[in-house]
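Colleague: Just so we're aligned: the sequence shown equals residues 1 to 122 in full-length UniProt numbering.
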Amino acid sequence: MLVHHTNFFNNAIKRLQGLLTDAKKRASEAKAKLSKEMPMFKERLIKVGEWSKSTEDKLQVSLIKHEKREKMLEGKVAKLKDCLALKSKALRLEVVNLKGKILEVWERSSRLVEEYLASDRS
1 MLVHHTNFFN
11 NAIKRLQGLL
21 TDAKKRASEA
31 KAKLSKEMPM
41 FKERLIKVGE
51 WSKSTEDKLQ
61 VSLIKHEKRE
71 KMLEGKVAKL
81 KDCLALKSKA
91 LRLEVVNLKG
101 KILEVWERSS
111 RLVEEYLASD
121 RS
């Protein structure tokens, strides 16, 4: 009798686990579908909110527009940071090259001055 109840509960647990797996799968599919439809929904909401006379609707539309603008500006800032980093790296390399050239000219001019002074003494 105890074995029968154990088998019954084990089967029930397996069925519940299967149902849970199916529910998780459906939830992830619904989430993916919602994420695809959300921009379209927001655009409709903006249109309805613009036609509406309700202050709350207008504020919600304003918030959505500001969020979109903020995301766009964040993208531009990221691009500008990347560009600035590349230019900064290029300028640092140029500074290193110029320092090398300055040292080379300094050494050459020092050598020429020493040669001139040596030839002037003789």
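From the three backbone atoms N, C-alpha and C, an ideal C-beta is built for every residue, glycine too.
Count the other CB atoms within 10 Å of the CB of GLY49; is the residue buried (16 or more) or exposed (fewer)?
Modeller: Within the sequence shown, numbered from 1, the residue matching residue 49 stands at position 49. Its Cβ being crowded by 16 or more others within 10 Å, GLY49 is buried.
Colleague: Tell me the DSSP secondary structure of LYS89 in three-state form.
Modeller: Indexing the sequence shown from 1 puts residue 89 at position 89. LYS89 falls in the helix class under three-state DSSP.
Colleague: Hey, LEU34 and ILE64 are a contact pair by Cβ (cut 8 Å); roughly how many whole angstroms apart?
Modeller: On the sequence shown, position 34 is the one that residue 34 refers to. On the sequence shown, position 64 is the one that residue 64 refers to. That belief does not hold up - the Cβ atoms of LEU34 and ILE64 are roughly 16 Å apart, past 8 Å.
Colleague: Check whether the stretch 71-78 and the stretch 89-104 are in contact - that is, three or more C-beta pairs closer than 8 Å.
Modeller: Touching, no.
Colleague: Count the other C-beta atoms from every protein chain shown that fall within 10 angstroms of the C-beta of VAL61, then say buried if there are 16 or more, exposed otherwise.
Modeller: Start at 1 with the first residue of the sequence shown, and residue 61 comes out as number 61. Buried: at least 16 other Cβ atoms inside 10 Å.
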